[in-house]
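This report concerns only the one structure given below.
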Ligand SMILES: [Zn+2]
Ligand SMILES: [Zn+2]
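Residue numbers (my numbering): 69 to 383.
Here it is, written out as structure tokens:
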């Protein structure tokens, strides 16, 4: 359901493009420098998710903004505490005297805690904060077929880890003797709306929906996680375990090789063995290490990935 393309080359900063099956827009996670991110991909983006605003995750925001001017619709930006001011300041540092009204609107959602976010909109030419609201107990981003959840990890600053979660699908297990028909749609609707006593016309008779629930099969929605910079400590690992257990696919920060563990601790980052180990504990089906220190050469990154795989596949 979700595909994640890493748009940044090894010597660039992290940027991931997410595409969703049967969905016309795509999603950008992290705004690191990424020359492979095309104009069209920026224009076709519906929302941008930023874990934190260290420069390697935010430097390319201006390029995305540059390409989105003129798309004449709203783009959502989700990020940690401070993101509203930071986005506004970045935009306001340019001269907008020639921009047309309605060229683009940004709605910025600033995560305050696990169940609260603040939202504002910014519009040209003045880009003043408008429609400020504090939203409680609501998902940070929802579309018809999926939603996005998050955990707040510690990286000596908040670092938001995002989980794209496809909706479960309710299906009917049809056997070879059974015929589909109107009843199947009625039954699925009754199940989804918990109308357990609704009468279903099934094989010439009237039956209560709940008596046919044994025919229902729930197909679990796919999940894709993005875990960026975080200290490899127990409290972060417990949060990762809570949110990303049994995920289909996770891209996880793996900034340092095991030999540079001391640097990882100093900079509140993770390193190969720890990222591999937590992915193994989460029983993630496909775990992909991303976001390596730019000090490493190609062969060192290969070594780092091997260290990650070793920890992830340890019996
Ligand atoms: Zn960082
Ligand atoms: Zn980083």
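Here a beta-carbon is modelled for each residue, glycine too, at the ideal position from N, C-alpha and C.
In this text, all values refer to a predicted model and were calculated from it rather than measured experimentally.
Check: With 16 other Cβ atoms within 10 Å as the buried cut-off, status of residue 140; Outcome: exposed
Check: Check your reading: residues with Cβ closer than 6 angstroms to ligand 2 heavy atoms; Outcome: 122, 124, 125, 297 and 359
Check: Residues that DSSP places opposite residue 297 in a beta bridge; Outcome: Residue 297 is not bridged to any residue.
Check: Assigned secondary structure, residue 83 (DSSP; H/G/I helix, E/B strand, else coil); Outcome: coil
Check: Residue 223 CB to nearest heavy atom of ligand 1 below 7 angstroms; Outcome: yes
Check: Residue 282 beta carbon near ligand 1 (any heavy atom closer than 7 angstroms); Outcome: no
Check: Spatial distance of residue 270 from residue 87 (CA atoms); Outcome: 39 angstroms
Check: Three or more C-beta pairs below 8 angstroms linking the region 233–253 and the region 319–329; Outcome: no
Check: Between the CA atoms of residue 288 and residue 279 - distance to the nearest angstrom; Outcome: 22 angstroms
Check: CA-to-CA distance, residue 264 to residue 108, given in whole angstroms; Outcome: 47 angstroms
Check: Beta strand (DSSP E) runs wholly inside the region 268–320, at least 3 long, in chain order; Outcome: 273–276, 284–287 and 291–295
Check: Segment limits, beta strand (DSSP E) that includes residue 89; Outcome: Here residue 89 belongs to no beta strand (DSSP E), and DSSP marks it neither H nor E.
Check: Rounded straight-line distance, which links the Cα of residue 266 to that of residue 200; Outcome: 43 angstroms
Check: DSSP bridge partner residues for residue 204 (one or two, in chain order); Outcome: 184
Check: Residue 355 to residue 105 span [Cα, whole Å]; Outcome: 23 angstroms
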